[in-house]
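Residue numbers (my numbering), protein chains in the order written: chain A, 4 to 275; chain B, 4 to 275.
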């Protein structure tokens, strides 16, 4: 079986218009490629919720700062296509940069509320880029729903806020984070962990889980450093919408050149 | 005949969904109310281009600076409704502030390119507000096309740019400015001109037209002051997309508390 690939908006919309004419619903799974089991769980959820699933792959330059890892962000379209075929994806949308940022492009979106603090304190350019590219993917594709992973908890809240504020006619759904056997959240950046770092990395989940289970967060940073992390950007307990409260534990820490993030809901029964 | 009025997004979308089910196309005429013959020309064009015409009335607070005339901007919904019925409007969308800016709203749109300079040099908050409210009206209503007047030339270029950059699936159409017999562009703010100011006001069109017909713009400001304007914000010759060039003459000048703007294309045959 081959996977249809759309590389421009016209092709994307023509394919989806055909499905719409047949009365079919559409789910979008936005990704930056380098797909792993976490992405495939989003796709599986999409197949449950909609008649057709589109996966997008676009490594969005506007959400990386000049000092960040855009150039070395993993890219493997052939591997991704094979995984998407096996997972029953209906269409890959893999736009070139000119389909997202054509000549003359000059509009920015500034998200507020959940886009402030936590990740944004360390990656101030990121959520503007996320808000922009997600808005464009949604208006280009016109899905009934889009599916995101809970690991990027703050990102989901930002996208939900922007979708509500701009009245974009789709629902945002989430899927629980898929983890390695030792608890490490699946991430495209995990491949950059060497053996020593890979052995240290699960401590992030362990420490966040401990707080989610009731331990005081006061020693979290020290525990991560003792476990071998080089630095801790933040560990925070928040409500699910990121306002003050105790519903989800979020953290980000650095291991050499790799920055890991994770999020652990206090009670699995309350997942948003 | 009565005019259906939607005051929230759900009612708006339900009405339009009924039209869509019947295969009908939809034009949107976004206004701030206080309707005059210029607005009705937009509506008439909408009736030519689409099966159904929605007119929106929303005096958007985010495009006014605190020092500007939001509080005294003319409001006359009863008069507007009568005019819309006579003109064959199918639906008035008159949202309350909470339908546009609900609690927790915190997203901004920052337009660039055509949103810089000219009006923006004197009303720096305006085009961010215009971009935001137009994006929301478009995503709330989902029209095939939206219609704007050429008087607000820069606004049209901003809206076109934002629609292109955010991939909003509609066309932006324009209608030539409707003028009084002496050339004054119809504007809701004209009602604030007293008899003396009303006699001076047509000089703006006269001076801009002179430049459009080939006169050098060097004396434009002096001519407007000599005609009785109190100050001139700008007179500028630009390409239609507002890049440097000579396709449209734009101007803004103040008469007491009233600020007038106008735009005159160099050749009527080239109107965009």
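Quick reminder that beta carbons are idealized off the backbone N, C-alpha and C, glycines included. Remember, it's a predicted structure, so these values are computed and weren't measured experimentally.
DSSP bridge partner residues for residue i (one or two, in chain order)
i	result
residue 8(B)	95(B)
residue 34(B)	60(B)
residue 149(A)	31(A), 175(A)
residue 254(B)	238(B), 265(B)
residue 3(A)	The question about residue 3(A) has no answer, for chain A in this structure spans 4 to 275.
Residues near residue i in its chain [Cβ-Cβ closer than 8 angstroms; skip 5 each side]
i	result
residue 73(A)	62, 64, 67
residue 210(A)	223, 226, 227, 230, 238, 254
residue 182(B)	188, 189, 208
residue 198(A)	none
residue 4(A)	88
residue 13(A)	none
residue 247(A)	241
Beta strand (DSSP E) segment containing residue i, residue limits
i	result
residue 184(B)	From DSSP, residue 184(B) is part of no beta strand (DSSP E); its letter is neither H nor E.
residue 142(A)	First-last for residue 142(A): 129 to 144, but that is the alpha helix (DSSP H), not the beta strand (DSSP E).
residue 237(A)	234 to 241
residue 55(A)	55 to 60
residue 248(B)	From DSSP, residue 248(B) is part of no beta strand (DSSP E); its letter is neither H nor E.
Contact set for residue i: own chain, Cβ-Cβ below 6 angstroms, skip 5 residues either direction
i	result
residue 274(A)	Confidence is the limiting factor: at residue 274(A) the pLDDT is only 38, short of 50, which leaves the residue's position unreliable, though a coordinate-based value still follows. 268.
residue 245(A)	117, 160
residue 32(B)	45, 46, 49, 58, 150
residue 171(B)	141
residue 212(B)	267
residue 96(B)	9, 15, 57, 59
residue 54(B)	27, 28
Delimiting residues of the alpha helix (DSSP H) encompassing residue i
i	result
residue 159(B)	156 to 168
residue 107(A)	Premise fails: residue 107(A) is in no alpha helix (DSSP H) and is neither H nor E.
residue 265(A)	Run containing residue 265(A): none in the alpha helix (DSSP H); it sits in the beta strand (DSSP E), 261 to 268.
residue 43(B)	40 to 52
residue 100(A)	100 to 103
residue 72(A)	Element bounds for residue 72(A): n/a, residue is neither H nor E.
residue 83(A)	80 to 90
residue 124(B)	122 to 125
Close Cβ partners of residue i (< 7 angstroms) along its chain, the five nearest in sequence each way excluded
i	result
residue 43(A)	86, 90
residue 11(B)	98, 102
residue 200(B)	258, 259, 261
residue 163(B)	175
residue 135(A)	65, 111, 112
residue 220(A)	214, 238, 240
residue 272(A)	Unreliable positioning characterises residue 272(A) in this predicted model, as indicated by a pLDDT of 43, which lies under 50. The coordinate reading is nonetheless provided below. Correct list: empty, nothing qualifies.
residue 18(A)	7, 9, 94
residue 325(A)	Outside the shown range of chain A (4 to 275) lies residue 325(A), about which nothing can therefore be said.
residue 299(A)	A question about residue 299(A) goes unanswered here, because the residues of chain A that appear run from 4 up to 275.
residue 249(A)	240, 269
residue 233(B)	257, 258, 259
residue 194(B)	77
residue 114(A)	130, 131, 134, 161, 164, 165
residue 265(A)	154, 188, 207, 208, 211, 254
residue 70(A)	none
residue 235(A)	224, 227, 228, 256
The ligand FMN heavy atom lying under 7 angstroms from the CB of residue i
i	result
residue 151(B)	Among the components of this structure there are no ligands whatsoever, and the ligand FMN is therefore not found.
| What residue ranges within the region 170 to 235 of chain B form continuous alpha helix (DSSP H) runs of no fewer than 4 residues, ordered along the chain? | 198 to 203, 206 to 215, 223 to 230
| query | Do three or more CB pairs link the region 129 to 145 of chain A to the region 118 to 131 of chain B at distances below 8 angstroms? | reply | no
| said: Does the contact criterion of 3 or more C-beta pairs under 8 angstroms hold for the region 178 to 189 of chain B versus the region 207 to 221 of chain B? | reply: yes
| message | Counting beta carbon pairs with one atom in the region 46 to 55 of chain A and one in the region 74 to 84 of chain A, are three or more of them shorter than 8 angstroms? | response | no
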